[in-house]
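**Q** Each residue of the sequence shown is one higher than the one before, counting from 2 in the numbering used here.
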Amino acid sequence: MRRLGLLIPSSNVVLEPLAATRSDLRVHFTRLGVLDVKLDSDSRAQFAMDKQVAAAKLLCDAKVETIVWGGTSASWLGIEHDEEFVRRVEAESGVPTTTTVLEINRRLATQGAKRIGIVTPYTAEVAEQINRNYASLGYEIAAWRHDGGDLSNDFAKIPAETIQEMILDVARNDVDAVIVMCTNVAAADLAKHLQSRLGIPIIDSAAATLDLPDLVTSK
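Here you go:
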């Protein structure tokens, strides 16, 4: 059984119940103070690198085999944020480390997806920044939908019907894959169902956080 150390936003209420359904994982959690998602300096400061790395390193006390940042902040802050986080944590702890966004991108690369749809709970401003960041990585953003929120607690309250409608809306645009970008959106089961129904990858952020390849797990 894998011993996974998961750093999650303090307001996240989706990942722990989802992890509890996984009989193949023993997951140990710690939290980083995150209450909102905006582009202003106060909101960005929640993800200050020194603070995030220090929180992650607490997981080493539980002798975990892998450390994962279970948040999607790099989607709007920039992928280099997660890359630096991984470099720092691995250098300072010696524990294999990854992040939700890096795992999402790994899946896109594995599937050869270039034309993508993105669903988020965020404001238009944040969603548009995510689109720009993914475009800079070489992806074509064929369609996107956002729910318009900025308080993390509200993301977990979005009804399944709303999430489904957003996924179906972007999937109509001849996409190679759809991303549900936020680990505090309860979409794992829905994504699995719609992937089977639509025949295209529906990448749920929370599920991607837990479905790790062997290469990021200590032996």
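Where a beta carbon is used, it is the ideal one built from N, C-alpha and C, also for glycine. Note that the structure is a prediction, hence the values are computed from the model and not measured.
1) Return the chain-ordered list of same chain residues with a C-beta closer than 7 Å to the C-beta of A209, the five sequence neighbours on each side being excluded.
2) State yes or no: is the C-beta of V69 within less than 8 Å of the C-beta of L5?
3) Around the Cβ of A49, are there at least 16 other Cβ atoms within 10 angstroms (buried) or fewer (exposed)?
4) Where do the ends of the alpha helix (DSSP H) carrying V102 lie?
5) To the nearest angstrom, report how far apart P97 and N13 are at their CA atoms.
6) What separation, rounded to the nearest whole angstrom, lies between the Cα atoms of S219 and E66?
7) Please classify T111: is it buried, with 16 or more other beta-carbons within 10 angstroms of its beta-carbon, or exposed?
8) Looking only at its own chain, which residues have a Cβ that is under 8 Å from the Cβ of A125, when we skip the five neighbours before and after it?
9) In or out: N154 buried (at least 16 other Cβ within 10 Å) or exposed?
10) Kindly identify the DSSP beta-bridge partner or partners of F86.
11) Quick check: the region 129 to 143 against the region 173 to 184, are at least 3 beta-carbon pairs closer than 8 Å?
12) Can you tell me where the alpha helix (DSSP H) with I131 in it begins and where it stops?
13) Could you check whether the region 189 to 198 touches the region 70 to 83, counting it as contact only if at least three pairs of C-beta atoms, one from each stretch, sit closer than 8 Å?
**A** Looking at the coordinates:
1) T101, E104, I105, R108
2) yes
3) With a 10 Å radius around the Cβ and a threshold of 16 neighbouring Cβ atoms, A49 comes out exposed.
4) Its alpha helix (DSSP H) spans residues 101 to 112.
5) Going from the Cα of P97 to the Cα of N13 covers about 23 Å.
6) At S219 the pLDDT is 47, less than 50, meaning the model places this residue with poor confidence; the figure from the coordinates comes in the next sentence. The straight-line gap from Cα to Cα measures roughly 5 Å.
7) exposed
8) H147, G149
9) exposed
10) The partner list for F86 (beta bridge, DSSP) is empty, contrary to what the question assumes.
11) yes
12) 125 to 137
13) no
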